[in-house]
Amino acid sequence: MPPKVRPRRDFRALELRRREAAQRFARGESQAEVAHALAVSRQSVSRWYQQWHDGGGAALRAAGRAGRKPRLSGAQLAQVESALRRGASAHGFPTELWTLPRVAEVIVRETGVGYHPGHVWRVLRALHWTLQRPARRAVERDETAIRQWVRQRWPVVKKTPGGTAP
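Under our numbering, think of the first position of the sequence shown as 11, with each following residue one higher.
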């Protein structure tokens with residue numbers, strides 16, 4: 011089952027709806043009529059009316075972005091992505107495998123902004139990077155010995171239903 015992603019609110023559309031409510035208040039429409047016309051609750055219209063009555067149309071403007079501001083700017087994100095694309099060995103790591111602690115270290119080196127390794131995935135997601143797991147295969151793996159073991163030894167050690175002896 012794919013993860014549920016909530017749609018982001020359209021703050022511009024919400025502000026336009028409040029402005030339309032203000033125009034309707036100025037024309038003398040009742041709060042109930044405005045609520046019905048805009049398909050919103052009466053409580054919201056009552057709150058908007060009070061704000062409009064106390065501060066005019068400017069009081070219904072959007073408050074700005076919701077939530078905390080990002081710690082990395084767009085330019086810093088581009089700088090981090092460029093550094094990551096150079097590869098892990100270019101930053102002094104012994105292998106080319108990017109881990110969250112390694113990425114956190116590169117972010118600090120490049121931008122001076124510290125992230126806990128457990129939260130670095132948020133930065134990577136903002137860069138549209140996805141988790142890539144390397145295929146783990148031992149260097150010492152001997153395919154012929156494995157095939158021989160499966161053909162000869164496995165039938166001897168395999169338990170059979172109802173069998174007591176190998």
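The C-beta atom is built at its ideal place from N, Cα and C for all residues, glycine as well.
Beta-carbon within less than 7 Å of residue i's beta-carbon, same chain only, minus the 5 sequence neighbours each way: which residues are those?
{"i": "R29", "result": "G67, L70"}
{"i": "P176", "result": "Caution is warranted here: a pLDDT of 49 is assigned to P176, below 50, making its placement in the model unreliable, and the coordinate value is therefore given only provisionally. Within the same chain, P176 has close Cβ partners V166, V167."}
{"i": "A98", "result": "T105, E106, L107, W108, R112"}
{"i": "A23", "result": "none"}
{"i": "A136", "result": "L87"}
{"i": "F103", "result": "R112"}
{"i": "R78", "result": "none"}
{"i": "H46", "result": "none"}
Whose C-alpha, out of the options, is nearest the C-alpha of residue i?
{"i": "Q89", "options": "V116, R37, R75, G77", "result": "V116"}
{"i": "Q53", "options": "W62, A42, F35", "result": "A42"}
{"i": "W131", "options": "G124, L141, W164", "result": "L141"}
{"i": "A214", "options": "V149, D152, V123, F21", "result": "The question about residue 214 has no answer, for the chain in this structure spans 11 to 176."}
{"i": "R143", "options": "R95, E153, L110", "result": "L110"}
{"i": "L134", "options": "R151, A49, W62, A93", "result": "A93"}
{"i": "R37", "options": "P171, Q158, W62, R161", "result": "W62"}
For residue i, collect the residues of the same chain with a Cβ closer than 6 Å to its Cβ; drop the 5 residues on either side in sequence, then sort them by chain order.
{"i": "V44", "result": "A31, R34, V55"}
{"i": "E91", "result": "L137"}
{"i": "A114", "result": "Y125, P127, V130"}
{"i": "R95", "result": "none"}
{"i": "V118", "result": "G124"}
{"i": "Q162", "result": "none"}
Looking only at its own chain, which residues have a Cβ that is under 8 Å from the Cβ of residue i, when we skip the five neighbours before and after it?
{"i": "T121", "result": "L82, Q86, Q89, V90"}
Point to revise | Any alpha helix (DSSP H) of 4 or more consecutive residues that is wholly inside the stretch 48-72 | key: 52-65
Check your understanding: Does the pairing of the stretch 20-36 with the stretch 83-90 give three or more beta-carbon distances under 8 Å?
Key -> no
Check your understanding: Which whole runs of the alpha helix (DSSP H) in the stretch 73-127 are 4 residues long or more, in chain order?
Key -> Correct list: 84-95, 110-121.
Point to revise | Runs of alpha helix (DSSP H) wholly within the stretch 123-160 (minimum 4 residues, chain order) | key: 130-136
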